[in-house]
Every structure is written in C-alpha cells, then in structure tokens.
Amino acid sequence: MKSLNYSFLVLSFAIALSGCGRAKIDRVEWPVMGTIAAVQLRGELTSDSSRFTAYAMGVFKDVSDALNAHVATSGISRLAQFADDEVLAKCGAMARPCYEAAFKLMRESGGAFNPRWKGPNTLDLGAIAKGFAVDAAAQECYVDGADALIDLGGNLKALRGSWRTGVRDPFGDGFAAVVELREGEALATSATYYRGSHIYDGRTGLAVSNGVASVTVLCSSAMWADGLSTTLFVLGPEEGKKFLDDKLKLLVGDMAVSALWIMDGGRQEIYGNARFQGN
Numbered sequence: 004m005k006s007l008n009y010s011f012l013v014l015s016f017a018i019a020l021s022g023c024g025r026a027k028i029d030r031v032e033w034p035v036m037g038t039i040a041a042v043q044l045r046g047e048l049t050s051d052s053s054r055f056t057a058y059a060m061g062v063f064k065d066v067s068d069a070l071n072a073h074v075a076t077s078g079i080s081r082l083a084q085f086a087d088d089e090v091l092a093k094c095g096a097m098a099r100p101c102y103e104a105a106f107k108l109m110r111e112s113g114g115a116f117n118p119r120w121k122g123p124n125t126l127d128l129g130a131i132a133k134g135f136a137v138d139a140a141a142q143e144c145y146v147d148g149a150d151a152l153i154d155l156g157g158n159l160k161a162l163r164g165s166w167r168t169g170v171r172d173p174f175g176d177g178f179a180a181v182v183e184l185r186e187g188e189a190l191a192t193s194a195t196y197y198r199g200s201h202i203y204d205g206r207t208g209l210a211v212s213n214g215v216a217s218v219t220v221l222c223s224s225a226m227w228a229d230g231l232s233t234t235l236f237v238l239g240p241e242e243g244k245k246f247l248d249d250k251l252k253l254l255v256g257d258m259a260v261s262a263l264w265i266m267d268g269g270r271q272e273i274y275g276n277a278r279f280q281g282n
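Counting in the working numbering, the sequence shown tops out at residue 282, every number present.
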C-alpha cells in the first residue's frame with residue numbers, strides 16, 4: 004500500500020499532440036489531497052474554462068472531505084471502526100464505488116492491496132482515492148470546444164483529445180517510456196521517486212523490497228489504474244502478471260489494461276497492449 008498523506012508518487016508531463024505543430028495549452032493547478040491537482044485545456048474554448056476548473060476543484064474537495072484518513076472528522080475516519088460490509092452500508096453514495104473497489108481488490112489480491120494495512124480498526128484509501136477523484140471529476144466536468152486533461156498528483160485522465168505523456172525514468176532525468184493517452188483513457192504510476200520505500204505490502208505491513216522501481220497502468224478508469232498500480236508494485240511482474248491473468252476480468256470486466264514495470268537496473272516488463280514507446 005502507498006504510505007500516508009496521499010503523497011505525490013509520479014511526475015508526469017503531458018505534451019499536446021497535433022498534426023501541424025502544438026496548440027497552446029492552458030494549465031491551472033492548485034493543492035489538494037496532499038498533492039497538486041491540475042486541469043489542462045488545449046485549443047479554442049467556446050465555453051468558460053473557469054467553470055470547468057471550478058467543477059474539478061469542487062469534486063476533489065468533496066472526495067478529500069470523504070476519504071482523507073488524516074482528518075478525524077472525515078467520513079473515512081468515522082467509518083474505520085466498522086467491518087467492511089458495515090462500511091459499505093454506512094458510507095455515502097458518492098464514495099461507495101471507491102470503497103467497493105478497494106475491498107474487492109483486497110480480496111482478489113490476497114491482501115497485497117489492503118486498505119486496513121495499518122490494523123483492523125483503520126482505513127486508508129490513499130492508494131486508490133486520487134484515481135477515484137479523477138474519474139469523479141471527469142464525470143462532472145464538461146468543456147466545449149477544447150481538449151482537456153485532468154491531473155491529480157500524476158493520476159491522469161484524457162477527458163477530450165489525445166495527449167502524450169512520459170513515464171519518468173526512476174534512475175535519471177527524462178522518460179523511460181512515452182505513451183499516447185487517448186480520449187477517455189487514464190494513467191497512474193506507483194514509484195519510489197521521492198521518499199524511498201514508502202509503498203507497503205498489505206499482507207505484511209512492511210515496505211516493499213522486491214526490485215520494482217515503478218509500475219504504470221493504462222486503462223479507461225483512473226481509479227483502477229491507481230489501485231492496480233499499487234497492487235502490481237507489491238506483487239512484482241511475475242506474480243502481478245499471473246494476478247492479472249486470473250483476476251482482471253473479475254475486477255474490471257472487459258476493460259483493457261496495460262502495465263509497465265520498471266525494475267532496479269532499468270529492465271522493463273510489459274503486460275497487455277504494449278503501447279509504451281521506448282521500452
């Protein structure tokens with residue numbers, strides 16, 4: 004599991020794609036959920052871009068109020084004492100899909116992903132909540148006449164248009180791979196770039212030490228990209244690929260999922276449609 008504070012795990016840069024040069028990109032960013040949120044708009048706007056940003060800000064605040072485990076008055080803090088089925092019965096409708104996905108991922112991963120990794124009376128959805136917030140914002144936000152990208156601490160979703168984004172090289176400057184993020188697709192990375200070994204195995208409560216430097220997941224759901232990137236980091240490529248073969252359809256149905264592991268030393272492992280360029 005990822006450690007506390009909803010911390011920023013990946014630095015992703017989105018590069019506009021265009022056939023005849025690059026269009027101007029407007030970026031607005033603000034702090035929330037212990038990281039930096041941003042919206043990027045490209046092209047001619049036929050509606051007020053400030054409304055788009057305001058919707059995203061409102062959604063991210065609502066999710067933070069519900070799922071910030073470090074605030075005693077938050078919804079998740081009040082629910083931590085209850086069993087999983089009671090949590091699902093008592094939580095608000097807005098946050099329920101995130102709890103459902105987290106508990107399902109915990110069961111199917113054998114606890115590698117574990118929102119109760121700190122103890123039975125605790126809850127921490129920091130390894131899936133940012134992605135959930137991005138999906139929620141994508142459902143609420145609409146901008147007419149421009150391409151749009153939503154970013155929450157490196158959890159990306161292309162709301163409109165295609166965007167080119169880099170997977171950071173864990174061992175130096177620049178990118179280890181580049182991928183085109185197509186309209187409706189999301190990308191998330193779990194890595195140890197900033198604070199060392201801060202991703203924990205939910206089965207043991209110990210920091211992961213398995214030779215994985217980063218895992219990037221590409222699919223149509225930011226929530227599942229976020230949760231799966233942590234799970235696959237914990238499992239490593241061999242166990243992770245088997246987990247995906249056995250459990251992916253049960254978890255996400257027919258959703259297409261690709262994953263990129265970067266190991267210590269730079270070796271890369273791919274699962275799914277290998278759209279990661281430069282690997």
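Where a beta carbon is used, it is the ideal one built from N, C-alpha and C, also for glycine. Here the structure is a predicted model, which means the values were calculated and not measured.
Taking 4 residues as the shortest admissible run, the region 60-124 contains the following complete alpha helix (DSSP H) segments, listed from N- to C-terminal end: 78-82, 87-93, 99-111. Scanning R119, V62, M60 for the CA closest to the CA of D87 turns up R119.
Cβ atoms of R163 and E188 stay farther apart than 8 Å, at about 12 Å. Contact annotation: the region 55-67 touches the region 130-137, with at least three C-beta pairs closer than 8 Å.
Contact holds between the region 205-218 and the region 256-267, because three or more Cβ pairs, one in each stretch, are under 8 Å apart.
Here the C-alpha atom of G148 lies approximately 9 Å from the C-alpha atom of R45. With 16 or more other CB atoms across the displayed protein chains lying within 10 angstroms of its CB, D229 is buried.
Within a 10 Å sphere around the beta-carbon of S53 sit fewer than 16 other beta-carbons, which makes this residue exposed.
By the neighbour-count criterion, in which a residue is buried when 16 or more other Cβ atoms sit within 10 angstroms of its Cβ, T192 is buried. Around the beta-carbon of N71, 16 or more other beta-carbon atoms lie within 10 Å, marking it buried. The DSSP-derived three-state label of D154 is strand.
Under DSSP, P34 shares a beta bridge with I39. A residue is called buried when at least 16 other Cβ atoms come within 10 angstroms of its Cβ; Q43 meets this threshold and is buried. Taking a cut-off of 8 Å on C-beta distances, the region 109-116 touches the region 245-257, as three or more cross pairs fall below it.
Under the three-state reduction of DSSP output, R163 falls in the strand class.
Put simply, of H201, S261, M226 the residue whose alpha carbon is nearest the alpha carbon of V237 is H201. In terms of CA proximity to A277, E183 leads the group M97, E183, A41, P173.
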